[in-house]
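Using the numbering used here, the letters of the sequence shown correspond one by one to residues -19 to 281. Report on the following structure.
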Amino acid sequence: MSAAAAAAHSGVNQGVAPVTYGQGDRPPRGDYARAAADYTCPQDYAQYTAADHDTYRRLYARQLAQLPGLACNEFIDAVRQLGTPERIPHYDEINERLVKATGWQVVGVPGLIPEEAFFALLAERRFPVTDWIRKPEEFDYIVEPDIFHDLFGHVPLLFDPTFADYMQAYGAGGLKASRLDACELLARLYWTTVEFGLIDTPDGLRAYGAGILSSAGELHYSLKSPQPRRVAFDLQRLMRSRYKIDTYQASYFVVDSFQQLFDATAPDFTPIYRAVRERIASEGEIEAGAVLPGEREFFVG
Ligand code: PHE
Ligand code: FE
């Protein structure tokens, strides 16, 4: 974080190590010298080779074919707003539609960025999208987010007005959490909703989390496998819970609606962080995959 502050003064970022959810010590792949003080950079469209466009096209086709019955309707309705599935989209073209729909826009970044820079962008309704794409040998799995994860996973729901407001509120909440030294607790909310959230619909459980929706295997696993637990969304409960970063999730949290999610996260988190910390101090954290006595659980299949 101090390195990021120094970079803000010089106006460029010289390879500042990004801090985000559950990352290891591996240096980030992107070229951070390209980024401005707020970590954004123009989408380097000239970098894409024919093979890159083909990777995008194949990833998109594989994921799109899986959406019916697994992705929430809000996602399915909006995914075509990304533009042609045949090649990597221009961010400008998406923004023409996205700004009109919800006032959000996507902005380029070289890769993962520091937490505070990330929160600041979200609070301004600017969603950072990594501009490079994975290599063919990473087709099935990539450790850091690339353009396919960021665009296909995250951007469709920014067209939904309620979810769009939630993302902005999360950004503002992140800036506050930084001041309260509570980013680790808040990150658990991001992980269990924005990345791995499930929603209960009249047609059954559906996925809305970007980590699920951009994953070849986890989309089916999260909704059809008897292995993971699926429990009702509960803010303080999930802030006490550990999560997996190197395998499919052991637990998923289920919301009834995006409005429920927005309303449950609207109160001031200052006393909530305190309560969660006290509870962790007295009872410990909840392991990934645990279900608590009396907890509402969802079953599939
Ligand atoms: N209400 C939260 C707070 O006061 C902010 C927030 C909103 C955080 C939505 C996450 C999601 O800190
Ligand atoms: Fe993501």
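No residue lacks a Cβ here, since even glycine has one placed at the ideal position from N, Cα and C. In this text the structure is predicted, and so the values were computed from the model without any measurement.
The beta strand (DSSP E) with Ser195 in it runs from where to where?
In the sequence shown, the residue the question calls residue 195 occupies position 215. Run containing Ser195: none; DSSP gives neither H nor E here.
If we ignore side chains and look at the alpha-carbon of each, how far apart do Tyr170 and Arg222 end up?
In the sequence shown, the residue the question calls residue 170 occupies position 190. In the sequence shown, the residue the question calls residue 222 occupies position 242. Roughly 13 Å separates the two Cα atoms.
Specify, as a first and last residue, the run of the beta strand (DSSP E) that Arg257 falls within.
As a working note, residue 257 is residue 277 in the sequence shown. Following the DSSP letters along the chain, one finds Arg257 in no beta strand (DSSP E) but inside the alpha helix (DSSP H) bounded by residues Thr250 to Glu263.
Can you give me the Cβ contacts of Ile127 inside the same chain, cut-off strictly under 8 Å, excluding the 5 residues immediately before and after it?
Residue numbering aside, residue 127 sits at position 147 when the sequence shown is read from its first letter. Hits under 8 Å: Tyr36, Ile68, Val109, Thr110, Asp111, Trp112 and Ile113.
Just how far apart, CA to CA, sit Leu272 and Pro206?
Sequence index remark: in the sequence shown, residue 272 carries index 292 (1-based). Sequence index remark: in the sequence shown, residue 206 carries index 226 (1-based). Cα-Cα distance, rounded: 18 Å.
May I ask you to check if the CB of Pro8 is nearer than 7 Å to at least one heavy atom of ligand 2?
Taking the first residue of the sequence shown as position 1, residue 8 is located at position 28. For ligand 2, no non-hydrogen atom lies closer than 7 Å to the CB of Pro8.
Using a threshold of 7 Å, is the CB atom of Ala255 nearer than that to any non-hydrogen atom of ligand 1?
Working through the sequence shown from its first residue, we reach residue 255 at position 275. Incorrect: Ala255 has no Cβ contact closer than 7 Å to ligand 1.
Going by beta-carbon coordinates alone, are Ser202 and Gln229 separated by less than 8 Å?
As a first step, residue 202 must be located in the sequence shown, where it is residue number 222. As a first step, residue 229 must be located in the sequence shown, where it is residue number 249. Yes; because the gap between Cβ atoms is below 8 Å, this pair is in contact.
Would you call the segment 87 to 107 in contact with the segment 117 to 135, where contact means no fewer than 3 C-beta pairs closer than 8 Å?
Segment contact: the segment 87 to 107 against the segment 117 to 135, three or more CB-CB distances shorter than 8 Å; contact assigned.
Within this structure, are the beta carbons of Pro65 and Leu78 separated by less than 8 Å?
Translated into positions along the sequence shown, residue 65 becomes position 85. Translated into positions along the sequence shown, residue 78 becomes position 98. Their beta carbons are not under 8 Å apart, which means Pro65 does not touch Leu78 by this criterion.
Are Ala15 and Pro90 touching if we call contact CB-CB under 8 Å?
Sequence index remark: in the sequence shown, residue 15 carries index 35 (1-based). Sequence index remark: in the sequence shown, residue 90 carries index 110 (1-based). Contact: yes.
So which of Glu117, Phe242 and Val123 has the shortest CA-CA distance to Pro7?
Within the sequence shown, residue 7 is the residue found at index 27, counting from 1. Closest option to Pro7, Cα to Cα, is Val123.
Measure the CB-CB distance between Gly154 and Leu102 and report whether it falls below 8 Å.
Working through the sequence shown from its first residue, we reach residue 154 at position 174. Working through the sequence shown from its first residue, we reach residue 102 at position 122. Yes, these two residues count as a Cβ contact at 8 Å.
In this structure, what does DSSP give as the bridge partners for Ser231?
For the purposes of this step, residue 231 is taken as residue 251 along the sequence shown, with counting starting at 1. In DSSP, Ser231 forms a bridge with Arg209.
Taking 7 Å as the cut-off, is the beta-carbon of Ala190 closer than that to any non-hydrogen atom of ligand 2?
As a position in the sequence shown, residue 190 is number 210, starting the count at 1. Yes, since a heavy atom of ligand 2 falls inside the 7 Å radius drawn around the Cβ of Ala190.
Can Arg259 and Leu218 be called in contact, C-beta distance under 8 Å?
Along the sequence shown, one-based indexing puts residue 259 at 279. Along the sequence shown, one-based indexing puts residue 218 at 238. Taking the C-beta atoms as reference points, Leu218 is found no nearer than 8 Å to Arg259.
Using 8 Å for Cβ pairs, my map puts Arg220 next to Val256. What's the rounded Cβ distance?
Sequence index remark: in the sequence shown, residue 220 carries index 240 (1-based). Sequence index remark: in the sequence shown, residue 256 carries index 276 (1-based). Yes, Arg220 and Val256 are in contact; Cβ-Cβ is about 6 Å, under 8 Å.
Here's a check: name, in chain order, each residue in its chain whose Cβ is nearer than 8 Å to the Cβ of Arg38, leaving out the five neighbours to either side.
Locating residue 38 in the sequence shown gives position 58, where the first residue counts as 1. Same-chain partners within the cutoff: Phe119.
Closest residue to Tyr71 among Asp236, Gly83 and Pro22 (Cα-Cα distance):
The count along the sequence shown starts at 1 and reaches residue 71 at position 91. Tyr71 has its Cα closest to that of Pro22, out of Asp236, Gly83 and Pro22.
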